[in-house]
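J.:
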Amino acid sequence: MALPLLPGASRDRNIGKEKFHKSQHWGYCNNVAMLVGEDKPGIGGEPLPGQKLKPKYSVFPEGMGSDAPAWVAFDKQILSFDAYFEEEVPDKNQELYRIRHCKIYFYLEDDTIQVIEPQVKNSGITQGTIVRRHRIPLPPPHEDQFYTIDHFNINIEVILYARTYKIIDCDQFTKNFLRKMGVRLNPPTGRPDDPYTKERQKILDSMKPLRPYERIDTLKQFLEHNGHVLRFFCVWDDPESMFHDPRELVLHYYLSDDTIDIKEIIPVNSGRDAVPLFLRRDKLPKYAPTGVYQPGTITSRTVLNVFGKSVGNRGRYILDNRKTGAVHQEFYRDSDLKVGAVINVWGRKIILCDCDEFTKEYYRTKYGIEDFTPVPYKAPPPPKPEKTFPPYTGFGSEEDSLCSCMGLLPKPPQKDFKKFMEKDRSGMESNILRFLAKLVTDSPIDKDRKFIISYFLSDDTISVFEHIQRNTGILGGKFLERGRIKKPGQELFKSEPSEYFKAQNLFVGAKVCFHGHNFLLVDADEYTFNYMEKHANEFSVADIGVILKKLKDIAEPRSREIRQVFAATDPEHAKVIEYDPFRNLIVSITDGAFSEHEIITLGRYYSVRDEYEMDLHFLLAVVQEQLKKNNFENFEQLSAVLLYNDREKCGVLPREMCRTICKSFKLPVADDDLQALLTLFEDDHKQVEYKKFVDGLNWKENQIPAFQTIKVPLKTEDDWSGQPPSVPVKVIKYLPLLDDLFGKEE
C-alpha cells in the first residue's frame, strides 16, 4: 500500500528536478550520451558559448604592486572576525540555550577558514578549535562552491556545517582590507550576554563571605623586580667586643618582596667563626619606641568579643572587618635606605657606608638622588712587606733556584713561548743577528782571530764560532756554546736576578765581554742591518730619525763650516762622496760621539746603491724549493685559471691579476719573491707571459738543480766570515743629508 504524500512533497520534488536540470546537461563522450556538469568547459579548457564559469578562489583587484601569486602576496595575512553562535541546551531547567563567543579566521593566501573559541575559566565546556583550518563549502544548494572573501561582512550570518555564526565585529586590519576590496561594511553590533553566566554572576555578587579577609596582591611586584637586589656596604661598630673593632657587613635588599638579609665579611685569620648569614632573609621591622612586640601581638586578623564574660563566662567572637585593635608594624623599605643612614637591626646600630652601581642607578632613577659620597669606614691598609728572596746558592740556574722559593712544590721556570713562536726561524727569516768580531787584546797571536757572534732572537741566546784560518796554530770552530750570557761586573751570589745581554747591546762598534773575553764587533751581515732598520723602535743605533736629531744637535752651530768641508771633499762637484771619506767626516764632526753602527746606518740611508740584475735561475731554484717543501702540485689548475682570465687568448696577463690568482691558490711563496719573479717574466708591454711563468714554477717537469748558479759555496750561519754585503755601500749622496740637517741652502 502506497503511503500518501505529505503536503508540499510534490512541490519539493519538482524544485529538486529543476535544480538538477540547471546544474546538469546532456553531452557525448566516446559517442555515448551522458549527463555532464554545467561547469564543464569545452575543448582546450575554453568556456562554451554563453557559459559563465564561477571563480573557485577569491578574486582580488589588480593593484600597483607586483604580480606575485596570492600564496606569496598574502602570506601570513589573516582576516579576523568576532562572532557567536547559539547552542541549544536540552533537558536543563537553569538554561535553555548558551551564547558561545568565537573567532573566525579567514586566510587570504588559500581561502581557508578556521573557527576558534577562546578558553573560559571553569566553563566545563571543551573549548579551543571548533573548525580546523580548511576550505569550507557553502550551504546547500551551492555545496559545490566554497566560501570566499566576498561572503564575509559585519552584522551578517554565515552557515558553517549547518551551524549559524553571527559576525558582530572585526579587527582594524580586516576593516581596512575589506574597504580596499570595495566592500561596504555594515555597522558592528553588540555582543549578547549568556543568560546563564549572567545569572551566576548575580548570585556570586550577592554572596558575602563568612570569613572576610584582606587580599594583598604581590604578584605584580614580584614579576617587575624579580632578581633585582640593592646592595649596601655597611659597618657595625660593636661596642661590646673585646677589641672594639668594626664588623664589615653587606646588606641585600630584595625589591621583589621587600626583604633584607645581611652577610658578614670575615677577615682572614680573624679568629671568628664563619657563619652563613649575619641576618637571615626576612622583612626587617623598625625598632618600636616601646621595645620589641611580644609574640601574638601582631596577627593577620583581629576578632571582637561580642558578649564578653556576661554569659556563663563563655565568649562569642567574630572577625573584625574594621581591624579596630590591630597593631600595625612598620618595616624598612627602599626609601629608608641611603648612603650615610643608620638602621636598627634588632638593637644593633648599622651604618650604610656605600653601595654598588646598580643601587646608585636605581635611586638616581626613582628618587632623583645624586649624592652617593661614601662614608669612610676602612683604615688604610698597612704597607705590604717587601718580598725578599734568599741569595743564589750556585746550584742550577738562577731562574730554577728562584722557582723553588715561590711555593712548596717547585715548578720549572716558564719560557716565553709566544716570543719563541714569533721569532723562531720561518722560511727565509732566520731571526738571527750575526756579527763579525775580534778580540780586544795586545797579544799579536790573538789580534788576527775572527769570530762570528750569533744572537738568537727567539730565546735571547748567544753562540760564538771562530773562523778557521790556515797555519795559525789555532783550532777554529765552536768557541762558546749557545746560551744566555750574563753581563760582567755582577755579584754571583745575590737575591736579585742577573742581567743578561740583549739584542740592543750588540751593534757594530760595541765592546762586549763574554766570560772574560773582550770582543769588538766590527761588522754584521746584510740581514742584521735590514732587521735592525725595520725594527728601529727597538734599536736606537739603526733609527735614522734619532741619528739625524743627534747629529743636528751637534752640527747645527757649525752648519756653514760643515757645508764647506763636504764641498771640499767633492772637488769634481759630483754630489757624491765615497764611504771612507764620509765616515771620516762624521767622526771628526761628532768627535767620536757616534758609534760605527750609527755611521753605517747613516751611510746606508743616503747611499747610491748599484742596480743589479737578479739571476732568473737562482730565483726559480729558490721558489721551486719552497713549492717542493710544501707539496704544491696544482700547476694544471693554475694554468687553466690563468688561461680562463685571458679573454683575448694572447698569452699575457697584467702582473697584478697574475699575483691575485697566485694568492688565491695560496702559493707558498713570499710576496717579494713572487713580485720579483713576475717582473722577470714580463714582456716589453709590462705583461706577464703566464705560460712561461707556470712552466718555470713546475718543479715536477722543469726542475732546476738547487742553487746551481751560485758560484760561491754555501755557508752555514756559523760559517759566515763577514764578507761584504751583496749590495755594498760605495758612494754617499751628501746633499740630501745636509738639506735634512740644516735645510735647503738658498
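Each residue of the sequence shown is one higher than the one before, counting from 1 in the UniProt record's numbering.
Every residue, glycine too, gets a C-beta built ideally from N, C-alpha and C.
In three-state terms, what does DSSP make of Cys-353?
T.: Numbered from its first residue, the sequence shown carries residue 353 at position 353. If DSSP states are grouped into helix, strand and coil, Cys-353 belongs with the strands.
J.: Determine the burial state of Cys-650: buried for a count of at least 16 other Cβ atoms within 10 Å of its Cβ, exposed for fewer.
T.: Residue numbering aside, residue 650 sits at position 650 when the sequence shown is read from its first letter. Flag for Cys-650 reads exposed.
J.: Please report how far the alpha carbon of Ile-104 lies from the alpha carbon of Ile-116, in whole angstroms.
T.: Indexing the sequence shown from 1 puts residue 104 at position 104. Indexing the sequence shown from 1 puts residue 116 at position 116. Each residue's alpha carbon lies about 7 Å from the other.
J.: Establish whether the CB of Tyr-455 and some CB of chain B are separated by less than 8 Å.
T.: No chain B is part of this structure, which consists of one protein chain only.
J.: Taking just the CA atoms, how far does Pro-736 sit from Leu-602?
T.: Here the question's residue 602 lines up with position 602 in the sequence shown. Here the question's residue 736 lines up with position 736 in the sequence shown. Distance between the alpha carbons of Leu-602 and Pro-736: 12 Å.
J.: Quick check on Cys-405: buried or exposed, where buried means 16 or more other Cβ atoms within 10 Å of its Cβ?
T.: Position 405 of the sequence shown, counting from 1, holds the residue named residue 405. Counting Cβ neighbours within 10 Å, Cys-405 comes out exposed, since fewer than 16 surround it.
J.: Compute the Euclidean distance between the alpha carbons of Asp-424 and Arg-434, then round it to the nearest angstrom.
T.: Mapped onto the sequence shown, residue 424 falls at position 424. Mapped onto the sequence shown, residue 434 falls at position 434. About 15 Å.
J.: Leaving out the 5 sequence neighbours to the left and right, which residues in its chain are closer than 6 Å to Ile-554 when beta-carbon positions are compared?
T.: Taking the first residue of the sequence shown as 1, we reach residue 554 at position 554. Once the five neighbours on either side are set aside, the close Cβ partners of Ile-554 are Thr-590.
J.: Determine the DSSP secondary structure at residue 750, reduced to helix, strand or coil.
T.: Absent from the structure is residue 750, since the part of the chain shown begins at 1 and ends at 746.
J.: Using the three-state DSSP reduction, which class does Thr-601 fall into: helix, strand or coil?
T.: Position 601 of the sequence shown, counted from the first residue, corresponds to residue 601. In this structure, Thr-601 counts as helix in the three-state DSSP scheme.
J.: Please classify Ser-607 as buried or exposed, where buried requires at least 16 neighbouring CB atoms within 10 angstroms.
T.: Stepping through the sequence shown from its first residue, residue 607 is reached at position 607. Burial call: buried.
J.: Beta carbon of Cys-234, beta carbon of Leu-219: below 8 Å?
T.: Residue mapping note: residue 234 aligns to position 234 of the sequence shown, counting from 1. Residue mapping note: residue 219 aligns to position 219 of the sequence shown, counting from 1. Contact: no.
J.: Quick one, are the C-beta atoms of Glu-481 and Ser-463 less than 8 Å apart?
T.: By one-based count along the sequence shown, residue 481 stands at place 481. By one-based count along the sequence shown, residue 463 stands at place 463. Result yes, Cβ atoms of Glu-481 and Ser-463 sit closer than 8 Å.
J.: Are Phe-618 and Asn-698 closer than 8 Å when you measure CB to CB?
T.: The sequence position of residue 618 within the sequence shown is 618, counting from 1. The sequence position of residue 698 within the sequence shown is 698, counting from 1. No, the Cβ-Cβ distance between Phe-618 and Asn-698 is not below 8 Å.
J.: Which residues in the same chain as Ile-156 place their Cβ atom closer than 6 Å to its Cβ, once the five residues preceding and following it in sequence are excluded?
T.: On the sequence shown, residue 156 is found 156 positions in, with the first residue counted as 1. Ile-167.
J.: Give me the Cβ distance between Ile-544 and Phe-514, rounded to the nearest whole Å; I'm assuming they're in contact under 8 Å.
T.: Counting from one through the sequence shown, the residue named residue 544 turns up at place 544. Counting from one through the sequence shown, the residue named residue 514 turns up at place 514. That belief does not hold up - the Cβ atoms of Ile-544 and Phe-514 are roughly 30 Å apart, past 8 Å.
J.: What's the C-alpha gap between Pro-139 and Phe-146?
T.: Working through the sequence shown from its first residue, we reach residue 139 at position 139. Working through the sequence shown from its first residue, we reach residue 146 at position 146. Distance between the alpha carbons of Pro-139 and Phe-146: 9 Å.
J.: Would you mind sorting Thr-197 into buried or exposed? The rule is 16 or more other CB atoms within 10 Å of its CB.
T.: Start at 1 with the first residue of the sequence shown, and residue 197 comes out as number 197. Looking at its Cβ environment, which holds fewer than 16 other Cβ atoms inside 10 Å, Thr-197 is exposed.
J.: So, with DSSP's three-state summary, where would you put Asp-672?
T.: What you label residue 672 is simply residue 672 of the sequence shown in a count that begins at 1. Residue state, collapsed to three classes: helix.
J.: Spatial neighbours of Arg-280 within its chain, please: C-beta separation below 7 Å, excluding the five flanking residues on both sides.
T.: Here residue 280 refers to the residue found at position 280 when the sequence shown is read from its first residue. So the qualifying residues of the chain are Asp-261.
J.: Bridge partners of Ser-231, per DSSP?
T.: Taking the sequence shown and counting its residues from 1, one reaches residue 231 at position 231. In the sequence under discussion, the amino acid at residue 231 is Arg, which differs from the Ser named in the question. According to DSSP, which records beta bridges pairwise, Arg-231 is partnered with His-252.
J.: Sort Val-275, Lys-666, Val-120 and Glu-88 by Cα distance to His-101 and report the nearest one.
T.: Translated into the one-based positions of the sequence shown, residue 101 becomes position 101. The residue with the shortest Cα to Cα distance from His-101 is Val-120.
J.: Looking at the unbroken beta strand (DSSP E) that takes in Ile-474, where does it start and where does it end?
T.: Counted from its first residue, the sequence shown places residue 474 at position 474. It is not in any beta strand (DSSP E) - Ile-474 carries neither H nor E in the DSSP assignment.
J.: If we count the other Cβ atoms within 10 Å of its Cβ and call it buried at 16 or more, is Phe-465 buried or exposed?
T.: Locating residue 465 in the sequence shown gives position 465, where the first residue counts as 1. Classification of Phe-465: buried, given that the 10 Å Cβ count is 16 or more.
J.: Spatial neighbours of Glu-633 within its chain, please: CB distance less than 8 Å, with the 5 preceding and 5 following residues excluded, ordered by chain position.
T.: Along the sequence shown, one-based indexing puts residue 633 at 633. Closer than 8 Å at the Cβ level, and outside the excluded window around Glu-633, lie Lys-700.
J.: Please state whether the Cβ-Cβ distance between Met-174 and Ser-80 is less than 8 Å.
T.: Taking the sequence shown and counting its residues from 1, one reaches residue 174 at position 174. Taking the sequence shown and counting its residues from 1, one reaches residue 80 at position 80. The question names Met, but residue 174 is Thr in the sequence shown. Closer than 8 Å, so yes.
J.: Going by DSSP in three states, Leu-697 sits in which element: helix, strand or coil?
T.: Position 697 of the sequence shown, counting from 1, holds the residue named residue 697. If DSSP states are grouped into helix, strand and coil, Leu-697 belongs with the helices.
J.: Could you check where the beta strand (DSSP E) with Ile-167 kicks off and where it finishes?
T.: Position 167 of the sequence shown, counting from 1, holds the residue named residue 167. Unbroken beta strand (DSSP E) run through Ile-167: 163 to 170.
J.: Could you tell me if Glu-611 is buried or exposed, where buried requires 16 or more neighbouring beta carbons within 10 angstroms of its beta carbon?
T.: Stepping through the sequence shown from its first residue, residue 611 is reached at position 611. Reliability fails at Glu-611, whose pLDDT of 48 lies under 50, so the model's placement of it is uncertain and the value that follows must be treated cautiously. So Glu-611 ends up on the exposed side.
J.: May I have the straight-line CA-CA distance separating Tyr-287 from Lys-387, to the nearest angstrom?
T.: Residue numbering aside, residue 287 sits at position 287 when the sequence shown is read from its first letter. Residue numbering aside, residue 387 sits at position 387 when the sequence shown is read from its first letter. Using only the alpha carbons, I get a separation of about 50 Å.
J.: Could you tell me the alpha carbon to alpha carbon distance between Gly-182 and His-134, rounded to whole angstroms?
T.: Your numbering for residue 182 matches position 182 in the sequence shown. Your numbering for residue 134 matches position 134 in the sequence shown. Rounded to whole angstroms, Gly-182 to His-134 spans 25 Å at the Cα level.
J.: Just curious, the alpha helix (DSSP H) that Ile-554 is in, first and last residue?
T.: The count along the sequence shown starts at 1 and reaches residue 554 at position 554. First-last of the alpha helix (DSSP H) with Ile-554: 544 to 555.
J.: How about Phe-85 and Ile-149: are their beta carbons less than 8 Å apart?
T.: On the sequence shown, residue 85 is found 85 positions in, with the first residue counted as 1. On the sequence shown, residue 149 is found 149 positions in, with the first residue counted as 1. Result no, Cβ atoms of Phe-85 and Ile-149 do not sit closer than 8 Å.
J.: Within its chain, find whatever has a CB closer than 6 Å to the CB of Asn-344; leave out the 5 residues flanking it on each side and keep chain order.
T.: For the purposes of this step, residue 344 is taken as residue 344 along the sequence shown, with counting starting at 1. So the list reads Tyr-287, once near-sequence residues are dropped.
J.: Determine the DSSP secondary structure at Lys-22, reduced to helix, strand or coil.
T.: To locate residue 22, count along the sequence shown from 1; it is residue 22. Bear in mind that the predicted position of Lys-22 carries a pLDDT of just 43, short of 50, making it unreliable; the figure below should be weighed with that in mind. Here Lys-22 sits in helix by DSSP.
J.: Give me whichever residues DSSP pairs with Asn-344 in a beta bridge.
T.: As a first step, residue 344 must be located in the sequence shown, where it is residue number 344. According to DSSP, which records beta bridges pairwise, Asn-344 is partnered with Lys-349.
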